[in-house]
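A short write-up of the structure that comes next.
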Amino acid sequence: MSQPTLFLNIIWHQHQPLYLDPASDQLQGPWVRTHATKDYYDMAAVISRYPAIHATVNLTSSLLWQLEEYYVNRLKPFVDVRNNRVHAGKYFAAYGGRTDPWIDLALKPTAKFDERDLGFLAHNTWNAFGVSDVAIQRFPEYRALRDKFRSGGIRNLSEQERREIKFWFYLANFDPDFLEQRVKLVTGVTVDLRDYLHKSHDGTYVLRRMVTEEDCNRMVAEAYKVMAAVVPLHKKLMYHPSSYKGQIEIITTPYYHPILPLIYDSDLAKLCQPGDAMPPRFHYPHDADVQVAKAAAYYKRMFGIRPMGMWPAEGSVAHDIVPVFGRNGISWIATDEKILARSKPPEMPKYRPYAVFGNHGSADSVAIVFRDTELSDKIGFTYQTWKGEDAAEDFIRHVLRYRPAPHEQDRLLTVILDGENAWEWYREDHEGKGFQNSLYRKLSELYERREVITVSMSEYLRGNPHRSVPAHPIESLPRLEWLWPGSWINANFDTWIGEAEENRAWEYLLTARRDLEESGVPEPKPEAIVPPRKGTKGWYAYKAWEAMYAAEGSDWFWWYGTDQTAPAGDKPFDLGFITLLNNVYTFAKKAGGKMRSRAFEPIIRMDSVREGRAQASMAQSSDQLVNVTIHCDARDTYVRKAIYIAGNVPELGEWVPNKIRMYDDGSNGDEKAGDNVWTISIRVPAGTQLEYKFTNSGAVGSWDPGEEFPGLHRTLQVEKNPGERLEITNRFGVL
Numbered sequence: 000m001s002q003p004t005l006f007l008n009i010i011w012h013q014h015q016p017l018y019l020d021p022a023s024d025q026l027q028g029p030w031v032r033t034h035a036t037k038d039y040y041d042m043a044a045v046i047s048r049y050p051a052i053h054a055t056v057n058l059t060s061s062l063l064w065q066l067e068e069y070y071v072n073r074l075k076p077f078v079d080v081r082n083n084r085v086h087a088g089k090y091f092a093a094y095g096g097r098t099d100p101w102i103d104l105a106l107k108p109t110a111k112f113d114e115r116d117l118g119f120l121a122h123n124t125w126n127a128f129g130v131s132d133v134a135i136q137r138f139p140e141y142r143a144l145r146d147k148f149r150s151g152g153i154r155n156l157s158e159q160e161r162r163e164i165k166f167w168f169y170l171a172n173f174d175p176d177f178l179e180q181r182v183k184l185v186t187g188v189t190v191d192l193r194d195y196l197h198k199s200h201d202g203t204y205v206l207r208r209m210v211t212e213e214d215c216n217r218m219v220a221e222a223y224k225v226m227a228a229v230v231p232l233h234k235k236l237m238y239h240p241s242s243y244k245g246q247i248e249i250i251t252t253p254y255y256h257p258i259l260p261l262i263y264d265s266d267l268a269k270l271c272q273p274g275d276a277m278p279p280r281f282h283y284p285h286d287a288d289v290q291v292a293k294a295a296a297y298y299k300r301m302f303g304i305r306p307m308g309m310w311p312a313e314g315s316v317a318h319d320i321v322p323v324f325g326r327n328g329i330s331w332i333a334t335d336e337k338i339l340a341r342s343k344p345p346e347m348p349k350y351r352p353y354a355v356f357g358n359h360g361s362a363d364s365v366a367i368v369f370r371d372t373e374l375s376d377k378i379g380f381t382y383q384t385w386k387g388e389d390a391a392e393d394f395i396r397h398v399l400r401y402r403p404a405p406h407e408q409d410r411l412l413t414v415i416l417d418g419e420n421a422w423e424w425y426r427e428d429h430e431g432k433g434f435q436n437s438l439y440r441k442l443s444e445l446y447e448r449r450e451v452i453t454v455s456m457s458e459y460l461r462g463n464p465h466r467s468v469p470a471h472p473i474e475s476l477p478r479l480e481w482l483w484p485g486s487w488i489n490a491n492f493d494t495w496i497g498e499a500e501e502n503r504a505w506e507y508l509l510t511a512r513r514d515l516e517e518s519g520v521p522e523p524k525p526e527a528i529v530p531p532r533k534g535t536k537g538w539y540a541y542k543a544w545e546a547m548y549a550a551e552g553s554d555w556f557w558w559y560g561t562d563q564t565a566p567a568g569d570k571p572f573d574l575g576f577i578t579l580l581n582n583v584y585t586f587a588k589k590a591g592g593k594m595r596s597r598a599f600e601p602i603i604r605m606d607s608v609r610e611g612r613a614q615a616s617m618a619q620s621s622d623q624l625v626n627v628t629i630h631c632d633a634r635d636t637y638v639r640k641a642i643y644i645a646g647n648v649p650e651l652g653e654w655v656p657n658k659i660r661m662y663d664d665g666s667n668g669d670e671k672a673g674d675n676v677w678t679i680s681i682r683v684p685a686g687t688q689l690e691y692k693f694t695n696s697g698a699v700g701s702w703d704p705g706e707e708f709p710g711l712h713r714t715l716q717v718e719k720n721p722g723e724r725l726e727i728t729n730r731f732g733v734l
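Those letters in the sequence shown? Residues 0 to 734, by numbering that gives the first Met the number 0.
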């Protein structure tokens, strides 16, 4: 009897929210660009070096649209790729202020910077120091500029230093391949930045010469070349089930990255969050259908065919929405194993795909796979402090544990995670390049021995005789009777609904959706990706509905509430959400619709009122208590949500993990917002012995997977006099 096969299904998820301010026609964040030069091209390019490796890459519509429209199309007429130069004057005449502000900064002489420019350079929420603490350590001169700014402000920096800041913000966001070798892109042009940097024996990079304005101009040209090659590279590597050619299956996500079950029916959250307060019901199944249909239409426009698979935003699924995918031609979807554990029938293994049938049997059925959370989180979190070869070896050992026994069927093991956020936190392995190359090399060797075969889902479903992959039609798969509603985070939707700020956002969304529905403004067809002629009533109608669908995106709701804190603050996302809602009304009125006059106030408020109340309540006993401030230094750790503290007193949650959230926003004793040093201040009686430990981004009540050291805890004896202050700093995961 031949040994059954272990198939490995790796899915890299690439996504950026919509950063567009429709009023100014400008992106307010640079992250599509920075991740394109740092992640989107090289993640696919690495795979191309290992022909035995097949994988899946998810490219969301909002990412692709911003990349193509606001960077590639708008920069292309002005970039001389042969001489690595942008015709700045012509660019400013045509698109100044209409890409992202950091493009303009790079092309504008530093001597002419005004206050707005200086804000984008160093002051604003998103600024030119927007790299991780781990990444900036590799560029000591860049770090020194940041530290000098922090100590003395922008006025403490010379014109040359300001010029170097805008230069470094580009150079530090290029993949190390571009810094260390000549790379010929799929488009035929080359990127070679070795003339700028010398790599020291300790892995850090230093400049070879003084930075000029011409160098800053060149950074834009070099970034453009990489961005313009992202889609062509994916097209070249794209797997075609009919011909069995290609290495990468390209999939997408519902268009504006909504939490699709909540758009379909927000009351589905009551099933997985029975104890949470819920907003008035948002129930628009039609919008869920539109989000999927628009994504499929845009995908076809980009890649020439319709997608076979979709990654529902944040792995959010529910049995009710299965037909939405099926009737739009989607063959398979994916989510997390915690969803499978709560679905029916119970105790189904995660190393198999399943069929989920809708209301019309096989006509709207889809296949679904469930990711191995531990393996996925190892890449996302655990390996950040490992050397690449060691991490790859550990990953392979874990994978091989799932090899089927001789009497069993083939198995399919699925790994899914972000392909862009983890790498900048890899301390021992620059951008995770050592891990990726080692992993693909080891998997190639396993493929040659037929021990593990990497596949994409479409390849697995339809088969590939050239790689010994038999077909596994949907109708032959084990059937799930009922799919639990939830996401890959906590197997529920509590990141997006159930807290006061989140529920207020859903109330706003419902109000705008009802007003638009009653306005008489005609809705465009989902496949109408190209808008009507600008300035016409049809164009304004299109823009009104687009703003509405964009406001349904998950990214706005992600940052509301206390369960998430953006490294640079939540306010930009609040402003983005409110701006979209206001634009629904502005555009609908110009389209001739009868819209009410509404004023949506910002949802996120300053914390001063809440802090004042808390201080007042504690003041009654302040003469009897010691002020204890605990800092958790997590600068060596990738923090997906937040750092929590659990301990032996009520102020620390009485050992309930992930209940007491620490602060990294400059409040509650925290010294500096966004530095990944998390803080909590409490008051306890003198003589108290505190026992505690930290957790990273887990579900309330669950120690797994973010507990820093299972079985151990920290101890702090509070021996100060009442009214005095005790302060201690711990390093996450280090006793």
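All C-beta atoms, glycine included, are put in the ideal place defined by N, C-alpha and C.
- Around the beta carbon of Asn82, fewer than 16 other beta carbons sit within 10 angstroms, so the residue counts as exposed.
- If you ignore the 5 residues before and after Phe128, its C-beta comes within less than 6 Å of the C-beta of Arg145, all in its own chain and listed in chain order.
- The Cβ atoms of Pro257 and Tyr548 lie closer than 9 Å to each other.
- A residue is called buried once 16 or more other Cβ atoms fall within 10 Å of its Cβ, and Gly700, having fewer, is exposed.
- Only residues of its own chain outside the window of five on either side were considered, and among them Phe77 have a CB closer than 6 Å to the CB of His86, listed in chain order.
- Using a Cβ distance threshold of 9 Å, Phe572 and Trp555 count as a contacting pair.
- Rounded to the nearest whole angstrom, the CA to CA distance from Ala294 to Val321 is 16 Å.
- Annotation for Tyr69: Leu26, Thr98 place their beta carbon closer than 6 Å to its own, counting only its chain and skipping 5 residues before and after.
- Measuring C-alpha to C-alpha distances from Ile473 to each of Leu399, Val188, Ile332 identifies Ile332 as the nearest.
- Per DSSP, the unbroken beta strand (DSSP E) holding Phe693 starts and ends at 688-695.
- With fewer than 16 other CB atoms across the displayed protein chains lying within 10 angstroms of its CB, Val205 is exposed.
- When secondary structure is reduced to three states using DSSP, Ser1 falls in the coil class, being assigned neither helix nor strand.
- By the Cβ rule, the stretch 55-66 counts as touching the stretch 290-308, because three or more pairs are nearer than 8 Å.
- Of the candidates Gly433, Gln383, Tyr446, Phe369, the residue whose Cα lies closest to the Cα of Leu399 is Tyr446.
- Closest option to Ser1, judged by alpha-carbon separation, among Thr334, Arg449, Asp428, Ile603: Arg449.
- The beta carbon of Asp363 is closer than 6 Å to those of Pro322, Gly325, Arg326, Gly357 in its chain, skipping five residues each way along the sequence.
- Counting only the Cα atoms, Tyr637 lies some 6 Å from Phe380.
- Residue pairing by DSSP places Trp677 opposite Cys631 in a beta bridge.
- Per the C-alpha coordinates, the member of Asn126, Thr535, Gln716 positioned closest to Pro684 is Gln716.
- Rounded to the nearest whole angstrom, the C-alpha separation of Thr628 and Asn720 is 15 Å.
- Closest by C-alpha distance to Pro3, out of Asp514, Tyr401, Pro108, is Tyr401.
- Beta-bridge annotation (DSSP): Arg410 is paired with Leu5.
- Here the C-alpha atom of Lys692 lies approximately 25 Å from the C-alpha atom of Asn491.
- Pro311 and Pro253 have their C-alpha atoms roughly 7 Å apart.
- Here Ser342 has Leu479, Trp481, Leu482, Trp483 as same chain residues with Cβ atoms under 7 Å from its own Cβ, once five neighbours each way along the sequence are excluded.
- Taking 8 Å as the upper bound for CB-CB distance, Ala44 and Leu232 are in contact here, some 6 Å apart.
- Looking at the backbone, the Cα of Glu221 and that of Val355 are separated by about 46 Å.
- Trp125 and Phe119 have their C-alpha atoms spaced approximately 7 Å apart.
- By the criterion of at least three beta-carbon pairs nearer than 8 Å, the stretch 429-437 is in contact with the stretch 387-395.
- Glu726 is classed as exposed because its beta carbon has fewer than 16 other beta carbons within 10 Å across all chains shown.
- Around the beta carbon of Asn155, fewer than 16 other beta carbons sit within 10 angstroms, so the residue counts as exposed.
- Rounded to the nearest whole angstrom, the CA to CA distance from Pro306 to Lys299 is 7 Å.
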